[in-house]
Structure formats: C-alpha cells, structure tokens
Amino acid sequence: MKENLHEPFEIIYKELNECPKPTHQHNFFELIYIMEGTGVQEINQHTFRYNAGHMFLLTPEDTHSFDIQTTTKFVFIRFNDVYIKRNTSLVSASHREDLLQRLEFILQNASHQPGCILKNQTDKSIVKPLVEAIIREYVNRDMYNQELIRQYINTMIILVARNIAMYLPEKITECSEEKAIDILQYIQANIYHPEKIKAARISSHFGISESYLGRYFKKHTNETMQEYIVNSRVKLVETRLLHSDMRMNEIASELSFTDESHLNRFFKKSKGMSLGEFRRKHRVAGAV
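165 is the number that full-length UniProt numbering gives to position 165 of the sequence shown; each next residue is one higher, with no gaps.
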C-alpha cells in the first residue's frame, strides 16, 4: 500500500494504542516525532525501539510500520520535494539552487542511517519546543498560523539535514560540482544492484569515458570510485549486522552477493573480521 501527499506539506497529530495501517510506503518525506510512549518502528525491515524525544525520517519509497507497546502520541510532518524546491524561505537566495540540491540529496540519503536521526543533543533539545509550537498553531488556527507553521517546519528540516550530514561522508556534504553530486546520487540509488554501478554502466549513463570518469571522481571525492562503492556497501552490511536480526544469507541476498561465503570474503577483506565476529563485537543490546 502506498500513500500520496496532495499538498506541499501536512501536519498530523495522533494518540494511538495500535498501528492503524499495515506496512506501507509513501511518495513523500515524513518526519515522525514521538511526544510520549514506547514501541518499535520498523523501517525497510529493520526495527528500532522508540521512546519520547525520538524522531525518524522516512524518505520516498521507504516501507514502515509501528508496533506500539504503550500509548503513543505521534506528530507526523509530511512534505514533498516540491516543498523543498519551491520554498523561497527555506534557504537564502544566494546559491539557492546549489543549497536546495544538497538539502534534497542529504534527506534522500537519510535512509541509510538507522534509528533516531537527532544525533546532536543540543538540536534534540530544540526540536521538542519546535514540535510543540507546530501543534499549537495547528490546533488553535490563530492568525498567520500557516506562515508560522511553515517557518517552524523549515527550521526543523534544516536541523534534521544538519544531523544527517554529520554522519554522511564528508565528500558528499562538501562537494560543489553538480555532476559529481549526480554521480554520487546515482551510485547510492543503485547500490543494491552491482551491475548498475560498474564503471562502464556509469560512464554510459553520464555520457563520459571510463578513464575520464575515474579521474573526475577521484578529483572531487579524494578516493577512487571503486573505493567509494566498496565503502558504501560495507556500511550497508554493518547497518544490518548492528541494527537488525537478519541472517547472513538474507543480507547476502538483499545486497546481491552470490551467497553468504561471497559476502563474508568481501566484508573480511575490508574490516579484517568475519560477519559473525563483527556482530558479536560491536552489537549493543537495545541499540536504536
């Protein structure tokens, strides 16, 4: 089941004892803030325990559902890429297009970060009164409430983007070349399909030679394209080992490795330990 958003943004405030919908997808971004309550949020088949103060970001095509354990007060803030691109007050006019492109790219890549997206504790303390202010304006419908809600949402999006950017590779957040960002975004969008991120396919897709592609990529990211792809795939494996109960063969299948043995050789070459060793050493019980 897929939900659509017919307005640039939408606010929903609900108190729930059980999830009203089965696992579903959206064609929009959705910030989910937990005012009260506990439970489990499932995103793309990975589960994260939630409690008051946690915030999740769902990106278009993510699948999710909730297992509500105690009565939970949710605030859902939904917006689409049209809201980002056409919102003149979201960023300053100077370098506007470049900033908006980076912002959308950062939000799109958030799906690779598990758990609560608010990593900065100062930002976490700012978000709660922001959410409360949004609810106030939404409920009371006072004069200029739409304008105020829009400003609050803009502030929230910038805070969220900053927290995500803190954990993205530095090359992505600092890269200013439009084509380089396009190449990085193409790789991330196809990271589950190894045949689509071979140098020949990428050079064909962007209409440039393989030799030039290699030099261009290294110049703008300070690592070879192969190194970037390997590191990105290793991070996906790490996420599943640390934040899911997926079996090794399931991870291998999802990430298009031939089998568990192939995945294990790939991972050990990069991390110096087997999949099982890594999971036992680094996994923290109850991590979110």
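Backbone N, C-alpha and C fix where the C-beta goes; we use that ideal spot for every residue, glycine too.
Keep in mind it's a predicted model, so treat the numbers as computed, not measured.
Around the beta carbon of Glu-18, fewer than 16 other beta carbons lie within 10 angstroms, which makes this residue exposed. Arg-279 is not a Cβ neighbour of Leu-255, given a cutoff of 8 Å. Around the beta carbon of Ala-200, fewer than 16 other beta carbons sit within 10 angstroms, so the residue counts as exposed. Going by C-alpha positions, Ile-251 is about 39 Å away from Pro-129.
Of all C-beta pairs linking the stretch 142–150 to the stretch 19–33, fewer than three are shorter than 8 Å, placing the two stretches out of contact. DSSP places Gln-45 outside any beta strand (DSSP E), giving it a letter other than H or E. If you draw a 10 Å sphere on the C-beta of His-54, you find 16 or more other C-beta atoms in it, and that means buried.
In the DSSP assignment, Lys-21 falls outside any alpha helix (DSSP H), carrying neither H nor E.
Cα atoms of Ser-203 and Asn-27: separation of roughly 29 Å, rounded to the nearest angstrom. The Cβ neighbour count for Gln-41, taken over all protein chains shown within 10 Å, is at least 16; the residue is labelled buried. The DSSP-derived three-state label of Gly-276 is helix. For Leu-57, the uninterrupted beta strand (DSSP E) run begins and ends at 55–58, by DSSP.
A distance below 8 Å between beta-carbons, with the five flanking residues on each side excluded, links Asn-44 to the following residues of its chain, in chain order: Asp-62, Thr-63, His-64 and Ser-111.
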